[in-house]
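Novice: From first to last, the protein sequence lines are chains A and B. According to the numbering used here, the first sequence holds residues 313 to 1047 in order. According to the numbering used here, the second sequence holds residues 15 to 191 in order. Before I ask anything, here is the structure I am working with.
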Amino acid sequence: MRRSLVVVLLALAPVRLVAQNAVLHGTVRDTTGKPLADALVTVVSAGQAGYTNSKGSYRVGGLTPGPVVVRIELIGFFTRTDTVRIDGDSVRHDVTLRPQRGVLLQDVPQPPTDTVTLPPVVVTAAKRSQLLDQAFTSIAVVPLAQIELRAVNTIDEAVDKAPGVQFLNGQVNIRGSTGYVQGLGSRVLLLVDGVPANQGDRGGISWDLVPLEDIERVEVVKGAGSALYGSAALGGVVNILTRDIPERTHVRARVAGGVYTDPPHPEWAFRSEPGLQQRIDVFASQGFERVRAGVGAGFLHSDGYREQDARDRWHVSGKGRWQSENRLTTLAVSGAWTHDAYDVPLLWCTTGRCDTGGQAYQPFKVDTGGLGDRTVSRKGYLQAVLQRAPSANLRWQVRGSWLRTGFVDYQRSGDDFSNANRLGLEIRGEVHPVGDRTVTTVGVEGTRSDVTSDIFGTHTQGEYAAYGESERRFGAVRVTAGARVDFLAIDGGGLTGVLSPRLGAVFPSRLGATRASVGRGFRAPTLAERFANTVVNGFTVVPNPALEPETAWSMELGHHAVVGPVEGDGAVFWTEADQLIEPSIDPTAIQIQFRNLERARIAGLDLSATAQPVTQLTTSFAYTFLYARELAQPGRPAQSLAFRPRHLLTLSADYRLGPASVGADFRYMSRMERVELFPGDVRVGAKVLDLRAALTRGPLSARLLVANALNYIYTLVPRTLAPVRAVSLSVSWEY
Amino acid sequence: MPARPPRHALRATLALAAAIACDGGLAPSPATGACPAGFTGACGTVTFRGAIPESTQVVYVVAYQQFPQSTGDLLLFQPLAPPVLDLPSGPADTTATYQLALPAGRYEWVLAVWKKIGTLTLSNADSLLREAGFYRNPANPAQPGVLDIAGPRDSVDFVVDFGNMHPVSFYFPASSP
Chain A
313 MRRSLVVVLL ALAPVRLVAQ NAVLHGTVRD TTGKPLADAL VTVVSAGQAG
363 YTNSKGSYRV GGLTPGPVVV RIELIGFFTR TDTVRIDGDS VRHDVTLRPQ
413 RGVLLQDVPQ PPTDTVTLPP VVVTAAKRSQ LLDQAFTSIA VVPLAQIELR
463 AVNTIDEAVD KAPGVQFLNG QVNIRGSTGY VQGLGSRVLL LVDGVPANQG
513 DRGGISWDLV PLEDIERVEV VKGAGSALYG SAALGGVVNI LTRDIPERTH
563 VRARVAGGVY TDPPHPEWAF RSEPGLQQRI DVFASQGFER VRAGVGAGFL
613 HSDGYREQDA RDRWHVSGKG RWQSENRLTT LAVSGAWTHD AYDVPLLWCT
663 TGRCDTGGQA YQPFKVDTGG LGDRTVSRKG YLQAVLQRAP SANLRWQVRG
713 SWLRTGFVDY QRSGDDFSNA NRLGLEIRGE VHPVGDRTVT TVGVEGTRSD
763 VTSDIFGTHT QGEYAAYGES ERRFGAVRVT AGARVDFLAI DGGGLTGVLS
813 PRLGAVFPSR LGATRASVGR GFRAPTLAER FANTVVNGFT VVPNPALEPE
863 TAWSMELGHH AVVGPVEGDG AVFWTEADQL IEPSIDPTAI QIQFRNLERA
913 RIAGLDLSAT AQPVTQLTTS FAYTFLYARE LAQPGRPAQS LAFRPRHLLT
963 LSADYRLGPA SVGADFRYMS RMERVELFPG DVRVGAKVLD LRAALTRGPL
1013 SARLLVANAL NYIYTLVPRT LAPVRAVSLS VSWEY
Chain B
15 MPARPPRHAL RATLALAAAI ACDGGLAPSP ATGACPAGFT GACGTVTFRG
65 AIPESTQVVY VVAYQQFPQS TGDLLLFQPL APPVLDLPSG PADTTATYQL
115 ALPAGRYEWV LAVWKKIGTL TLSNADSLLR EAGFYRNPAN PAQPGVLDIA
165 GPRDSVDFVV DFGNMHPVSF YFPASSP
């Protein structure tokens, strides 16, 4: 009996093995025959799935014989469902996907057309992939093409041209959120591939953290993003997305050189030789079907455009990615390290503060009190993201990150230093219930920041959060609701809780997509704002451990439309902020302290449009009107918020002719109504014209950039000269 | 044959850019005692009298919206980073120009503050700080001159007399709050 059972089992075993190992494979293409990567192929009845690779090929194993239902999905294309009979070890099933004419209109009857224009896919607004016009918040995308066109040195120079975005001496403002606090306490959250990267001590942003050569695009989400991202996303989110590693040997190299124009007036001459800049960057990678890796390095030297303005910066970076055979599991690891040594021309000099040559001020020379000041800054990050899509209805990811920043300020009055770490962990899930029109994102996140500094002391800050957001379609309308709860703990003390809900909707129609949203944001005080203890201009900066988080309610109503060759977007926005953290002078002592002071209102209008009147010409327009007021309080009259320009205008045009192109950007920023520290100083609006030309031949491309071509002399922050005209030439080679 | 961009669009763009950017931004401004265009605050000359004390660290120019009523009010000066006077190198009477950038408003006291070498605290302010001269009311030179600042205000001239400086306690004796 026992022998008979063994014989039966042996006889059945091959059958079961064959039955469980049948494979469905094939290629997914679009209607033009182009292979489609990253399409999700799901064998619904078996619960097995796989993604297409860069050649459009897929492979789903572990199937049993018989008919199966196969669903093929890719964002921007109509989902296709087929019935396939599995009758052998290997069955081929090739598929063609039909593109949608804008997913926002997928539920609206459309006239037949051959022209397909898809909005870009964004990943930041909802912590998942969606089409740009499915998002209920305003988003600006800076694609690789624009970054390359502008031949910039750091990514902030390209993001600066995005609608509604403005930089003040390296500090980013989205719709007037931050103003200028010398890098302290940014109200904009920086993400690198979705991972938070604001400094652990000051909360500011290091724009040179990610090597420029590794950047694929930047997404800027405007308005309060705390419902998904927590602290620092009070004014918006900037997500730097790095390039994917191609499935081959790949090398990119760029060399660049340039010269700064001398001061436009002889009274301001300050050196006999012109200032120069040079840089070189290299990135090399090797990619296979399942494993890919790359490394990069770069060096930059600049003499600067004013006295005491030299800089030497080098960086190294690396990244790698592993995928399972069915592409359902991915592990991505990346990191970078930057060493930056630069002079600090903090204030320009005025009469009596240096030899001004009889001038009231000399914007190209440094105040004698700051002579010799320089900073050495080191920063780096390491992050790993594990993603898995165990079924077509569920995706999850776990990510861990470490950000290290440190600086030493060498100055006459005594050196200062700070070293900070920011450790982060997040677990996130995305659920698409079968047969439902709902997608839900949930997650938990923890961040621990620590600092060791002679200015900020030795402290830790913990932030722990849970969030959830769900989008549901009602006909053509998408409605999203969600919330996040954050708990903050300083130096291991008690927890302070903050709730950040938000609600939004997108209403598609033949006239475009209308979006509306309301949400609450917050920002926890940084360790620097709580614990700064130093002397500035004779004033003692004293700590304030009792600082509370600042909060804001933001509302937005916007519309996105495509009319002929013109794509336009408009939005009105309104923010009511409370408990804003600002530096305050104590009248009873010679002290400055960060306090929860202001109630403020920031409202405005954001308009942007791109048009292609002829095939070779692309033009764009962006305008932001800003009303930013600090509201009246007892003993404190209402006044304009400092460092917020009322008008911000950007015009761009690029003309392509075969391998050559020419282009220009013009940026106008109205004169600041109010600034701090030197409110009576002469100040003007900014009117900056950048010109560019490019020529591409095979793997080589050369770009000429004339930044601030009009050599317009202006300042955005007190006694700090903005960049003058610079002419640079960069040559890139790609293998 | 590629299409050419509309000429009127190019012309309009160039005209707009030229019109908006016709000025060159900030320009040199000789230190004449007159305020430069676009400036908000007071400008003028300071005439130095007497020998400069060897213990001098710096001489600032500051302004108060209200004449201080207590020692605590002395900290309510503008601007936070006041301009520093270019001190003469010789003993003879000389002048220096200054530009005092101020928020718009009414100012009841514009003065020069002499500071002795040393680290300033609230407790040692009386020994380290001196009033060295102030802008006077042209109609009554014994009284401080009042300024209404709404833009550039020229010719706010006064004398700094190193031989006749007054400590904090001159205005606020120890018995005062």
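Idealized CB from N, CA, C, for every residue including glycine. If you're wondering where the values come from, they're calculated on a predicted model, not measured in any experiment.
Quick one: which unbroken beta strand (DSSP E) runs of 3-plus residues sit fully inside the stretch 935-1003 of chain A? Chain order, please.
Specialist: The qualifying runs are 959-969 and 972-981.
Novice: Does DSSP put Ser169 (chain B) in a helix, in a strand, or in coil?
Specialist: Locating residue 169 (chain B) in the second sequence gives position 155, counting from the first residue. Residue state, collapsed to three classes: coil.
Novice: Let's see if you can read the secondary structure: which residues bound the beta strand (DSSP E) around Phe729 (chain A)?
Specialist: Here residue 729 (chain A) corresponds to residue number 417 of the first sequence, with the count starting at 1. First-last of the beta strand (DSSP E) with Phe729 (chain A): Asp728 to Val743.
Novice: For Tyr722 (chain A), which residues does DSSP report across the bridge?
Specialist: Here residue 722 (chain A) refers to the residue found at position 410 of the first sequence. Beta-bridge pairing links Tyr722 (chain A) to A:Arg686.
Novice: Buried or exposed: where does Asp881 (chain A) fall if 16 or more other Cβ atoms within 10 Å of its Cβ makes it buried?
Specialist: Taking the first residue of the first sequence as 1, we reach residue 881 (chain A) at position 569. Under this definition Asp881 (chain A) is a buried residue.
Novice: Is the number of C-beta pairs between the stretch 457-464 of chain A and the stretch 850-870 of chain A that are closer than 8 Å three or more?
Specialist: Taking 8 Å as the limit for Cβ pairs, the verdict is that the stretch 850-870 of chain A does not touch the stretch 457-464 of chain A.
Novice: Rounded C-beta distance between Asn510 (chain A) and Thr436 (chain A)? I'm assuming under 8 Å.
Specialist: Against the first sequence, residue 510 (chain A) aligns to sequence position 198. Against the first sequence, residue 436 (chain A) aligns to sequence position 124. In fact, because the Cβ distance is near 15 Å, the residues do not count as touching under 8 Å.
Novice: Would you mind working out which of A:Ile893, A:Ala1014 and A:Ala998 sits nearest Asn1020 (chain A), comparing C-alpha positions?
Specialist: To locate residue 1020 (chain A), count along the first sequence from 1; it is residue 708. Here the closest residue by C-alpha is A:Ala998.
Novice: Identify the contact partners of Val994 (chain A) in chain B, using a Cβ-Cβ distance below 8 Å as the criterion.
Specialist: The residue given as residue 994 (chain A) occupies position 682 in the first sequence. Within 8 Å Cβ-Cβ: Leu40, Ser43, Pro50, Ala51, Gly52 and Phe53.
Novice: Do you know how far the Cα of Ile451 (chain A) is from the Cα of Pro285 (chain A)?
Specialist: Summary: the structure shown does not reach residue 285 (chain A), with chain A confined to residues 313 through 1047, and so no result is reported for it.
Novice: With 8 Å set as the bound, which would you pick, yes or no: does the beta-carbon of Thr662 (chain A) sit closer than that to a beta-carbon of chain B?
Specialist: As a first step, residue 662 (chain A) must be located in the first sequence, where it is residue number 350. Thr662 (chain A) counts as touching chain B.
Novice: What are the start and end residues of the alpha helix (DSSP H) that includes Tyr541 (chain A)?
Specialist: In the first sequence, the residue the question calls residue 541 (chain A) occupies position 229. From DSSP, the alpha helix (DSSP H) with Tyr541 (chain A) extends over Ser538 to Tyr541.
Novice: Is any beta-carbon of chain B found at less than 8 Å from that of Arg618 (chain A)?
Specialist: As a working mapping, residue 618 (chain A) is identified with position 306 in the first sequence. Answer no: the Cβ-Cβ gap between Arg618 (chain A) and chain B never drops below 8 Å.
Novice: Does DSSP put Val420 (chain A) in a helix, a strand or coil?
Specialist: On the first sequence, position 108 is the one that residue 420 (chain A) refers to. Model confidence at Val420 (chain A) stands at a pLDDT of 41, short of 50, so the residue's coordinates are unreliable; what they give is reported in the following sentence. Val420 (chain A): coil per DSSP, three-state reduction.
Novice: According to DSSP, is Val428 (chain A) helix, strand or coil?
Specialist: Mapped onto the first sequence, residue 428 (chain A) falls at position 116. Confidence at Val428 (chain A) is low in this model, with a pLDDT of 49, below 50, so its placement is unreliable and no value can be given for it.
Novice: Let me see if you follow: with CB-CB separation under 8 Å, is Ala944 (chain A) close to chain B or not?
Specialist: One-based indexing of the first sequence puts residue 944 (chain A) at position 632. Chain B contact via Cβ: absent.
Novice: Closer than 8 Å is the cut-off here; do at least three beta carbon pairs connect the stretch 401-415 of chain A with the stretch 724-742 of chain A?
Specialist: Output reads no: the stretch 724-742 of chain A does not touch the stretch 401-415 of chain A.
Novice: Scan the stretch 374-414 of chain A and note each continuous beta strand (DSSP E) run of 3 residues or more that stays entirely inside, going in chain order.
Specialist: Taking only runs of at least 3 residues, the beta strand (DSSP E) segments lying wholly in the stretch 374-414 of chain A are 378-385, 392-398, 402-404 and 407-409.
Novice: Could you tell me the distance, in whole angstroms, from the CA atom of Leu640 (chain A) to the CA atom of Ala351 (chain A)?
Specialist: The residue given as residue 640 (chain A) occupies position 328 in the first sequence. The residue given as residue 351 (chain A) occupies position 39 in the first sequence. Rounded to whole angstroms, Leu640 (chain A) to Ala351 (chain A) spans 11 Å at the Cα level.
Novice: Just curious, the beta strand (DSSP E) that Tyr673 (chain A) is in, first and last residue?
Specialist: Position 361 of the first sequence, counted from the first residue, corresponds to residue 673 (chain A). Counting along the chain, the beta strand (DSSP E) containing Tyr673 (chain A) begins and ends at Tyr673 to Val678.
Novice: Give me the subset of the stretch 996-1027 of chain A whose CB atoms are less than 9 Å from a CB atom of chain B, sorted by chain position.
Specialist: Going along the stretch 996-1027 of chain A in chain order, one finds Val996, Gly997, Ala998, Lys999, Val1000, Leu1001, Leu1022, Asn1023, Tyr1024, Ile1025, Tyr1026 and Thr1027 with a Cβ nearer than 9 Å to chain B.
Novice: I'd like to know whether the C-beta of Pro93 (chain B) is nearer than 8 Å to at least one C-beta of chain A.
Specialist: The count along the second sequence starts at 1 and reaches residue 93 (chain B) at position 79. Cβ-Cβ to chain A under 8 Å: yes for Pro93 (chain B).
Novice: Do Ala915 (chain A) and Leu953 (chain A) come within 8 Å of each other at the CB atom, strictly closer than that value?
Specialist: Counted from its first residue, the first sequence places residue 953 (chain A) at position 641. Counted from its first residue, the first sequence places residue 915 (chain A) at position 603. No, they are not a contact pair.
Novice: Rounded to the nearest angstrom, what separates Thr668 (chain A) and Cys661 (chain A) at their Cα positions?
Specialist: Taking the first sequence and counting its residues from 1, one reaches residue 668 (chain A) at position 356. Taking the first sequence and counting its residues from 1, one reaches residue 661 (chain A) at position 349. Their Cα atoms are separated by approximately 7 Å.
Novice: With a threshold of 16 other CB atoms inside 10 Å of the CB of Tyr1047 (chain A), please say whether the residue is buried or exposed.
Specialist: As a first step, residue 1047 (chain A) must be located in the first sequence, where it is residue number 735. Exposed, since its Cβ has fewer than 16 Cβ neighbours within 10 Å.
Novice: Would a check of beta-carbon distances place Arg665 (chain A) closer than 8 Å to chain B?
Specialist: Locating residue 665 (chain A) in the first sequence gives position 353, counting from the first residue. Yes, Arg665 (chain A) counts as interfacial toward chain B.
Novice: Could you round the C-beta distance between Asp766 (chain A) and Asn733 (chain A) to whole angstroms and report it? I think they count as a contact, below 8 Å.
Specialist: In the first sequence, the residue the question calls residue 766 (chain A) occupies position 454. In the first sequence, the residue the question calls residue 733 (chain A) occupies position 421. 17 Å between Cβ atoms; not a contact.
Novice: What are the boundary residues of the beta strand (DSSP E) that Tyr185 (chain B) is part of?
Specialist: Residue 185 (chain B) sits at position 171 when you count from the first residue of the second sequence. First-last for Tyr185 (chain B): Val182 to Tyr185, but that is the alpha helix (DSSP H), not the beta strand (DSSP E).
Novice: Below 8 Å, can you find three or more Cβ-Cβ pairs linking the stretch 813-824 of chain A to the stretch 777-789 of chain A?
Specialist: Counting Cβ pairs under 8 Å, three or more are found: they touch.
Novice: What residue does the alpha helix (DSSP H) around Ser84 (chain B) start on, and which one ends it?
Specialist: As a first step, residue 84 (chain B) is located in the second sequence; it is residue number 70 there, counting from the start. Element bounds for Ser84 (chain B): n/a, residue is neither H nor E.
Novice: Does the beta carbon of Ala146 (chain B) come closer than 8 Å to any beta carbon on chain A?
Specialist: Locating residue 146 (chain B) in the second sequence gives position 132, where the first residue counts as 1. False, the Cβ-Cβ gap to chain A never drops below 8 Å.
Novice: Assuming Leu737 (chain A) and Gly758 (chain A) are in contact, meaning their beta carbons sit under 8 Å apart, how far apart are those beta carbons, in whole angstroms?
Specialist: For the purposes of this step, residue 737 (chain A) is identified with residue 425 of the first sequence, where counting begins at 1. For the purposes of this step, residue 758 (chain A) is identified with residue 446 of the first sequence, where counting begins at 1. So it is a contact: roughly 5 Å between Cβ atoms.
Novice: Only counting the same chain, and skipping five residues up and downstream in sequence, which positions put a Cβ closer than 6 Å to that of Glu942 (chain A)?
Specialist: Here residue 942 (chain A) corresponds to residue number 630 of the first sequence, with the count starting at 1. For Glu942 (chain A), where only same-chain residues beyond five positions count, the Cβ hits under 6 Å are Glu910, Ala912, Gln951 and Leu953.
Novice: Counting only beta-carbon separations shorter than 8 Å, does Leu919 (chain A) have a partner in chain B?
Specialist: Position 607 of the first sequence, counted from the start, is the residue given in the question as residue 919 (chain A). Leu919 (chain A) does not count as touching chain B.
Novice: State the start and end residues of the unbroken beta strand (DSSP E) segment that holds Ile527 (chain A).
Specialist: Working through the first sequence from its first residue, we reach residue 527 (chain A) at position 215. That run of the beta strand (DSSP E) goes Ile527 to Lys534.
Novice: Rank A:Val1018, A:Ser402, A:Met981 and A:Gly548 by C-alpha distance to the C-alpha of Ala1006 (chain A) and give the top, closest one.
Specialist: Taking the first sequence and counting its residues from 1, the one referred to as residue 1006 (chain A) is at position 694. Here the closest residue by C-alpha is A:Val1018.
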